[in-house]
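Residue numbers (our numbering), protein chains in the order written: chain Z, 79 to 425; chain H, 2 to 290; chain S, 8 to 259.
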Amino acid sequence: MQSLPRSIQILLIVLTLLLVFYPMFGEALVGDKYDYYLQKLTTIMILAIMAVSLDLLVGVAGMVSVAHAAFFGVAGYTLALLAPEYAAPSVWIALPLSLGVAALTALIMGALIIRTSGIFFIMVTIAFSQMLFYLLHDAPFAGGSDGIFLMFKPEVAIAGVQLLDLSNRATLFYVVLTSLILVYLLLRTLLRSPFGRVLFGIKENEVRVQALGYNPLAYKLVAFVIAGTVSGYAGFLSATQYGFVNPADVSWMLSAHALFMVILGGMGTLFGAILGAFAFEGLHYWYSSMTTHWELLMGITVILMVLLLPKGIAGLLLQLDERWQRRRRGDEPEPAPIVKTKAEEHS
Amino acid sequence: MDFPTFLIQTMNGLQQGLLLFLVASGLTLIFGIMHIINLAHGVLYMIGAYLAFWLTSLLGNFFLALVAAVPLAVLLGIVMEKLLIQRLYDRGHLDQVLLTFGLILVFDALQSMLWGNNSHSVAVPALLSGSITLTDNLNYPIYRLFLSGVCVLIAIGMYLIIQKTRLGMIIRGGASNREMVQGLGINISWTYTAVFAVGAALAAFAGAIAAPVSSVYPGMGHEILIICFVVVVIGGVGSIKGAFLAALLVGLTSTWGAVLVPHFAGAVVYALMAAVLLWKPRGLFAGAQ
Amino acid sequence: MSNMILQTHGLTRYFGGLVAVKDVSLSVAPCQVHAIIGPNGAGKSTLVNLLTGHLKPSSGQVIFCGRDISGLAPNATSQLGIGRSFQRTNIFPSFSCLENCALAAQSRLSHSMRFFRRVEGYAAVRARAERALELCGLSHRAQAPAGAISYGEQRQLEIGMVLATEPSCLVLDEPMAGMGQEESAQVVELLRSLAREYPLVLVEHDMDAVFSIAHVLTVMVNGEVLASGSVDEVRCDPAVQEAYLGDGEEVY
Chain Z
79 MQSLPRSIQI LLIVLTLLLV FYPMFGEALV GDKYDYYLQK LTTIMILAIM
129 AVSLDLLVGV AGMVSVAHAA FFGVAGYTLA LLAPEYAAPS VWIALPLSLG
179 VAALTALIMG ALIIRTSGIF FIMVTIAFSQ MLFYLLHDAP FAGGSDGIFL
229 MFKPEVAIAG VQLLDLSNRA TLFYVVLTSL ILVYLLLRTL LRSPFGRVLF
279 GIKENEVRVQ ALGYNPLAYK LVAFVIAGTV SGYAGFLSAT QYGFVNPADV
329 SWMLSAHALF MVILGGMGTL FGAILGAFAF EGLHYWYSSM TTHWELLMGI
379 TVILMVLLLP KGIAGLLLQL DERWQRRRRG DEPEPAPIVK TKAEEHS
Chain H
2 MDFPTFLIQT MNGLQQGLLL FLVASGLTLI FGIMHIINLA HGVLYMIGAY
52 LAFWLTSLLG NFFLALVAAV PLAVLLGIVM EKLLIQRLYD RGHLDQVLLT
102 FGLILVFDAL QSMLWGNNSH SVAVPALLSG SITLTDNLNY PIYRLFLSGV
152 CVLIAIGMYL IIQKTRLGMI IRGGASNREM VQGLGINISW TYTAVFAVGA
202 ALAAFAGAIA APVSSVYPGM GHEILIICFV VVVIGGVGSI KGAFLAALLV
252 GLTSTWGAVL VPHFAGAVVY ALMAAVLLWK PRGLFAGAQ
Chain S
8 MSNMILQTHG LTRYFGGLVA VKDVSLSVAP CQVHAIIGPN GAGKSTLVNL
58 LTGHLKPSSG QVIFCGRDIS GLAPNATSQL GIGRSFQRTN IFPSFSCLEN
108 CALAAQSRLS HSMRFFRRVE GYAAVRARAE RALELCGLSH RAQAPAGAIS
158 YGEQRQLEIG MVLATEPSCL VLDEPMAGMG QEESAQVVEL LRSLAREYPL
208 VLVEHDMDAV FSIAHVLTVM VNGEVLASGS VDEVRCDPAV QEAYLGDGEE
258 VY
């Protein structure tokens with residue numbers, strides 16, 4: 079697979095730098111709204127991590143899962159349940175366990191549903207999300223609809239020496255930003271690997287992939303678990319940020335929002351999912367500031383987006399870049415290929 | 002447990018199942034014929050309930066409200082299909098999920114704007130209020146019997162249509178082939194509109210007729226949507242017969258679950274679904290898919 | 008008969024009450040081209056699906072290199088060495104031609120659960136893909152998106168992908184479907200060169216092609232074998248002539 083077009087790379091780097099510098103210069107720019115935006119950006123980046131892992135499933139492997147929040151919530155709950163009441167949980171214990179629970183949940187759910195596809199798969203993922211919702215809602219240890227509070231952020235320390243103070247908002251911001259960048263790079267590496275190629279093949283023509291000698295179920299299951307684990311990591315960060323988990327964290331509605339982020343951003347491109355998370359939250363913020371019935375505006379946006387912008391923001395950007403490139407090279411006698419290879423579209 | 006209680010719970014379970022069948026049959030029809038996953042099906046149920054509430058207070062009579070609600074729901078279904086749903090026929094499932102999810106957001110917001118966030122109740126019409134005495138110490142609300150009866154009638158009607166008409170032939174064949182259907186001399190575009198409108202009407206009617214027993218509140222569409230998915234998953238996508246059996250099964254499981262394991266009442270139905278999937282990964286009557 | 012590469016014994020497949028393939032027994036020797044012909048609806052495609060595992064037999068067996076493979080999944084039969092091409096072009100349209108063959112070649116790695124090295128870094132895979140592309144005559148289209156090349160080229164790619172999996176036996180389902188005269192001639196040449204190296208099971212309607220490269224012919228009608236034997240024998244068989252070949256006219 080080839081890299082992204084230069085203009086898009088530059089765009090992403092600029093956006094990343096803006097984020098990097100925000101905590102340093104933000105206060106000077108936005109005054110007393112600094113803290114609010116710092117938290118908001120942290121939340122958006124956490125959602126972006128969830129969205130980018132969903133893109134692996136939806137945009138790459140072609141599995142439309144509406145259960146992605148399940149792993150997000152389950153990891154958050156694990157952290158909250160592990161946390162002792164009057165002390166900070168150690169990140170070296172809490173993080174692996176949270177990720178482990180998310181991975182296990184994905185493995186079990188995946189094993190049950192991976193043989194299905196299409197509409198059936200979608201419905202089953204929604205149903206399993208709801209099942210988890212009720213389990214967490216009703217189970218006596220899970221705090222019911224009120225959820226669980228996390229009194230202390232996880233402690234990142236070695237031999238009693240603190241490495242990172244996660245209760246410091248700027249520190250958490252950088253931890254999340256670094257996580258987002260690392261997750262993106264990890265998934266991008268995954269997509270360029272043999273495993274990634276098989277996933278792309280499955281989305282395009284699963285029958286042929288099997289006829290070539292691969293067992294598609296195994297690859298789909300592994301993708302499901304990887305994506306679920308990364309989603310769990312986002313949930314861990316979210317629980318850390320808010321200090322609070324509740325059953326809504328596993329709801330299928332949250333999963334549907336994540337799906338929308340992936341589509342809005344442009345599925346299959348990875349960076350699109352990240353842009354989509356920012357765009358979605360931006361719209362949410364803007365609509366909420368206009369009316370309490372922001373859902374109406376968001377719903378209309380979703381509908382219009384599906385009808386008018388099927389390739390999402392990333393698709394639009396890539397199309398614009400392509401047109402600009404052609405104009406830059408002067409009018410060429412040969413038109414650009416009708417169908418872009420996957421290699422030309424994504425990194 | 003004594004026999005009367007057993008009987009009452011079972012009858013409740015069956016009634017719930019029959020009602021669920023009304024809603025789920027619409028969903029599985031829309032899938033089976035048009036291959037559209039319609040997340041907005043739940044809000045149609047909710048719209049039916051709110052129509053019942055609104056029209057009853059407007060017209061002063063519940064039965065009139067029911068009669069008035071059905072054509073309104075059909076109209077809404079036709080408008081939805083012509084305006085939006087028909088653009089989804091050539092699109093993938095992801096687009097269908099998102100667009101119909103957008104519809105949920107829109108209708109939820111409209112409901113909130115029109116009727117606020119409180120729950121409302123619809124009175125059981127005087128004609129059907131009260132209980133009927135079945136045995137010595139067993140009284141059963143007449144309205145619930147009426148509700149079950151209506152559902153059974155509709156189910157029979159559906160059975161007859163499916164077995165005896167050309168449209169029914171398409172449904173039974175799980176016709177996915179538009180050319181083939183057109184070759185049978187059937188106008189495909191209006192067939193799809195009709196199927197969608199009927200599905201919408203069934204859901205709305207179910208919401209309306211259930212309003213006196215289940216009250217009317219925001220978000221009621223979401224719960225029933227998911228349960229319908231469970232019914233369709235258990236019954237097998239596209240199978241009306243499967244939807245009927247699965248609906249009864251789910252209704253009974255849900256009711257008995259609330260009695261036997263009240264702590265996990267919510268999750269019991271999903272445990273059932275998981276168990277069925279382990280045994281039959283594509284549902285009990287997995288049809289053309 | 009133990010040196011037969013591929014054999015079927017009494018292979019039968021029902022769909023509900025309909026018999027698609029009935030009691031078919033045939034064998035393919037190494038370095039032999041075994042063509043299967045017959046009118047539409049004769050059960051040829053069903054037979055191919057049974058050979059490659061896309062369908063399970065209702066009864067009967069498929070033996071490959073002495074091993075019973077009846078009912079194995081398509082990926083298992085592929086890994087054992089049966090390379091199958093499809094009647095309706097079944098490629099990855101957004102991948103380049105080279106990438107199509109690379110994905111095919113990659114299947115011969117012990118496993119593809121490899122996450123960290125770029126796929127281009129697997130030199131053996133790339134070499135195999137390039138060779139397959141060369142064999143099927145598409146080296147000049149290596150970078151072109153498979154969805155943008157001509158129909159004839161796509162049919163060639165279809166075969167190229169199979170070659171990239173380094174099969175020990177080829178099963179080709181109507182490789183010349185929908186092709187014009189000139190394109191067909193090219194593919195016949197390709198098949199002829201392949202026939203020198205691989206045992207070949209060929210389902211085809213194009214009689215010219217069949218008679219020019221096949222050694223053994225099996226004629227199927229209504230799911231059953233009408234005749235099976237060397238090309239000359241079958242051609243002269245009166246039952247075959249009556250039922251299928253007509254008065255020596257082309258059958259389309």
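C-beta atoms are modelled at their ideal positions from N, C-alpha and C, and glycine is treated no differently.
- Taking the beta carbon of residue 282 of chain H as reference, the chain Z residues within 7 Å of it are 193, 194, listed in sequence order.
- For residue 271 of chain Z, no alpha helix (DSSP H) encloses it, and the DSSP letter there is neither H nor E.
- By the 16-neighbour rule on beta-carbons within 10 angstroms, residue 405 of chain Z is exposed.
- Rounded to the nearest angstrom, the Cβ distance from residue 172 of chain S to residue 246 of chain S is 38 Å, too far for a contact under 8 Å.
- Secondary structure at residue 286 of chain H: coil, using DSSP grouped into helix, strand and coil.
- For the set H:37, H:97, H:156, H:52, the Cα lying nearest the Cα of residue 385 of chain Z is the one of H:97.
- The C-alpha of residue 154 of chain H lies about 11 Å from the C-alpha of residue 23 of chain H.
- Straight-line measurement puts the Cα of residue 252 of chain Z at about 14 Å from the Cα of residue 103 of chain Z.
- For the region 282-305 of chain Z, residues whose beta-carbon sits nearer than 9 Å to a beta-carbon of chain S comprise 282, 283, 285, 286, 287, 288, 289, 290, 291, 292, 293, 294, 296, 297, 300, 304.
- Three or more Cβ pairs closer than 8 Å define a contact, and the region 223-235 of chain H falls short of that threshold against the region 55-63 of chain H.
- Residues of the region 247-273 of chain Z that bring their beta carbon within less than 8 Å of a beta carbon in chain S comprise 267, 268, 270, 271, 272, 273, in sequence order.
- Against chain S, a Cβ distance below 8 Å from residue 275 of chain Z picks out 106, 109, 110, 113, 119, 126.
- Under the three-state reduction of DSSP output, residue 68 of chain S falls in the strand class.
- In chain order, 38 place their CB closer than 8 Å to the CB of residue 94 of chain H, counting only its own chain and leaving out the 5 sequence neighbours on each side.
- In this structure, Z:339 is the residue among Z:129, Z:339, Z:265 with its C-alpha nearest to the C-alpha of residue 380 of chain Z.
- Rounded to the nearest angstrom, the gap between the Cα atoms of residue 14 of chain H and residue 249 of chain H is 7 Å.
- Counted as a single uninterrupted DSSP element, the beta strand (DSSP E) harbouring residue 19 of chain S occupies residues 13-22.
- Runs of the alpha helix (DSSP H) spanning 4 or more residues and lying entirely within the region 88-123 of chain S occur at 104-113, in chain order.
- In the three-state DSSP reduction, residue 29 of chain S falls in the strand class (E or B).
- With a threshold of 16 other beta carbon atoms within 10 Å, residue 162 of chain Z falls short and is exposed.
- When the five nearest sequence neighbours on each side are left out, the beta carbons in the same chain lying within less than 8 Å of the beta carbon of residue 168 of chain Z are those of 232, 233, 235, in order along the chain.
- For the C-beta of residue 205 of chain Z, the chain H residues within less than 8 Å are, from N- to C-terminus, 227, 230, 231, 234, 271, 274.
- Those residues of the region 212-235 of chain Z placed with their C-beta closer than 9 Å to a C-beta in chain H are 212, 213, 215, 216, 217, 218, ordered along the chain.
- Residue 107 of chain S and residue 269 of chain Z have their C-alpha atoms spaced approximately 16 Å apart.
- Within chain Z, the residues whose beta carbon sits less than 8 Å from that of residue 114 of chain H are 371, 374, listed in sequence order.
- If you draw a straight line from the Cα of residue 189 of chain S to the Cα of residue 128 of chain S, it comes to about 38 Å.
- The beta carbon of residue 243 of chain Z lies closer than 7 Å to those of 249 in the same chain, with the five residues before and after it left out.
- Note that the region 211-222 of chain H touches the region 118-128 of chain H; at least 3 beta-carbon pairs, one per stretch, sit closer than 8 Å.
- Beta-bridge partners assigned by DSSP to residue 236 of chain S: S:224.
- Each residue's CA atom was taken as its position, placing residue 65 of chain S and residue 19 of chain S some 6 Å apart.
- Closest by C-alpha distance to residue 160 of chain S, out of S:83, S:130, S:193, is S:193.
- By the Cβ neighbour-count rule, residue 319 of chain Z is buried, with 16 or more other Cβ atoms within 10 Å of its own.
- If only complete runs of 4 or more residues are kept, the region 37-68 of chain H shows the alpha helix (DSSP H) at 42-60, in order along the chain.
- Identification of chain S residues near residue 360 of chain Z by a Cβ-Cβ cut-off of 7 Å yields none; the smallest Cβ-Cβ distance measures about 31 Å.
- In chain Z, no part has a C-beta under 7 Å from the C-beta of residue 285 of chain H; the shortest such distance is about 13 Å.
- When C-alpha distances from residue 141 of chain Z are compared across Z:254, Z:301, Z:170, Z:180, the shortest belongs to Z:301.
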